[in-house]
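**Q** What follows is a single structure, and I will ask about it in a moment.
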Amino acid sequence: MRPSERILAGLTWTAAAATVGVLFYLIVFILIKGIPYLKPSLFSLTYTSNNVSLTPALVSTVIITAMSLIIATPLGLFAAIYLTEYARRGNRAVVLVRMTTETLAGIPSIVYGLFGLLFFVTALGWGFSVLAGAFTLAIMILPLIMRTAEEAILSVPDIWREGAFGLGAGRLRTVFRIVLPAAMPGILAGVILAVGRIVGETAALIYTSGTVAQIPATPMQSARTLSVHMYALSSEGLHTDQGYATAVVLLVVVILINAASAWIARRFGAKK
1 MRPSERILAG LTWTAAAATV GVLFYLIVFI LIKGIPYLKP SLFSLTYTSN NVSLTPALVS
61 TVIITAMSLI IATPLGLFAA IYLTEYARRG NRAVVLVRMT TETLAGIPSI VYGLFGLLFF
121 VTALGWGFSV LAGAFTLAIM ILPLIMRTAE EAILSVPDIW REGAFGLGAG RLRTVFRIVL
181 PAAMPGILAG VILAVGRIVG ETAALIYTSG TVAQIPATPM QSARTLSVHM YALSSEGLHT
241 DQGYATAVVL LVVVILINAA SAWIARRFGA KK
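Numbering (the numbering used here), first residue to last: 1 to 272.
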């Protein structure tokens with residue numbers, strides 16, 4: 001091995017070790033600070049000033065995540081199908097749409113929060129509500145789902161489409177019976193990434209769904225997610241220990257989401 005190759009290999013291993021070390025340190029720090037305060041009272045159904053329960057925030061997180069995915073996933077998937085299967089390849093409009101989605105994917109979440117505040121909360125009169133937060137997050141994750149679904153569909157070999165057309169299948173049948181099942185692991189990966197971004201989002205939700213610690217009875221009520229709950233406890237400075245406990249629960253939720261996504265991807269991959 002040449003000296004230059006050894007240097008590059010050493011730098012690569014050093015960077016990898018530093019990354020793993022920082023990640024390990026963060027996980028251990030959160031667990032040490034938060035596990036001692038994971039008490040049964042922290043999971044009660046009612047939030048009070050004396051018992052800052054995280055259960056309302058956990059339920060609200062599930063509700064907002066589900067609503068955001070129901071809105072964004074069909075739009076992103078069908079947009080990706082149109083761009084890859086129906087639009088003429090090389091079309092300038094397609095190039096413009098792709099460039100726009102990539103630009104929107106890089107916009108800070110606080111910008112989406114301010115847009116949701118001005119449009120959904122103020123202009124439409126929804127107020128600080130779960131519905132306003134879900135629509136804002138749906139707009140935020142739409143470029144991510146759209147681009148990952150598009151790349152997954154493009155990775156399917158064209159010979160599969162040509163074989164389906166040769167057997168007499170129409171374009172719509174080919175897309176839903178041949179292309180989408182093959183691209184499903186990649187599509188699910190994009191959806192799971194979107195879920196991870198929703199679960200960890202704070203800035204966009206503070207300005208749209210609000211910070212009320214309650215289980216919303218209707219989509220028009222305000223609520224807070226786990227990340228907003230953790231931010232509120234930390235910023236108030238009165239229940240910092242419970243904030244670390246919330247971080248532990250949030251970490252476990254993210255790990256379970258990643259494990260579920262890996263299991264689903266393996267299942268779909270085994271059926272191919």
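Ideal placement from N, C-alpha and C gives every residue a C-beta, glycine not left out.
Just the C-alpha distance for P74 and V191, rounded to the nearest angstrom, thanks.
**A** Their Cα atoms are separated by approximately 11 Å.
**Q** I think T202 touches T136, with their Cβ atoms under 8 Å apart; what is that distance to the nearest whole Å?
**A** The Cβ separation is near 12 Å, so there is no contact.
**Q** With a CB to CB cut of under 8 Å and the five nearest residues on each side skipped, what residues in its chain are close to L205?
**A** The answer, listed in chain order, is I64, G113, G133, T136, L137, R224, T225, S227 and V228.
**Q** Among W126, L238 and V62, whose alpha-carbon lies nearest the alpha-carbon of V253?
**A** Cα-wise, what sits closest to V253 is V62.
**Q** Report all residues from its chain with a CB closer than 8 Å to the CB of Y86; omit the five preceding and five following residues, and keep chain order.
**A** Excluding sequence neighbours, Y86 sits near R171.
**Q** Below 8 Å on the Cβ atoms is my contact criterion, and I expect L256 with M230 to pass it. Report the Cβ-Cβ distance as a whole number of Å.
**A** About 17 Å; that fails the 8 Å criterion.
**Q** How many angstroms separate the CA atom of S129 from the CA atom of F119?
**A** Their Cα atoms are separated by approximately 13 Å.
**Q** Buried or exposed: where does A152 fall if 16 or more other Cβ atoms within 10 Å of its Cβ makes it buried?
**A** The residue is buried, with at least 16 neighbouring Cβ atoms inside 10 Å.
**Q** Quick one: measure Cβ to Cβ for L142 and G76, integer angstroms, because I've assumed they're closer than 8 Å.
**A** Rounded, the Cβ-Cβ distance is 5 Å, consistent with contact.
**Q** Is W13 helix, strand or coil when you go by DSSP?
**A** The answer is helix: DSSP assigns W13 an H, G or I state.
**Q** Hey, is the stretch 213-223 in contact with the stretch 165-184, meaning 3+ C-beta pairs nearer than 8 Å?
**A** Because the criterion of three Cβ pairs below 8 Å is not met, the stretch 213-223 and the stretch 165-184 do not touch.
**Q** How would you label W13, buried or exposed, when you count the other beta carbons within 10 angstroms and need 16 or more for buried?
**A** By the neighbour-count rule (16 or more Cβ atoms within 10 Å), W13 is not buried but exposed.
**Q** For P108 and P157, what's the separation of their Cα atoms in angstroms?
**A** Rounded to whole angstroms, P108 to P157 spans 35 Å at the Cα level.
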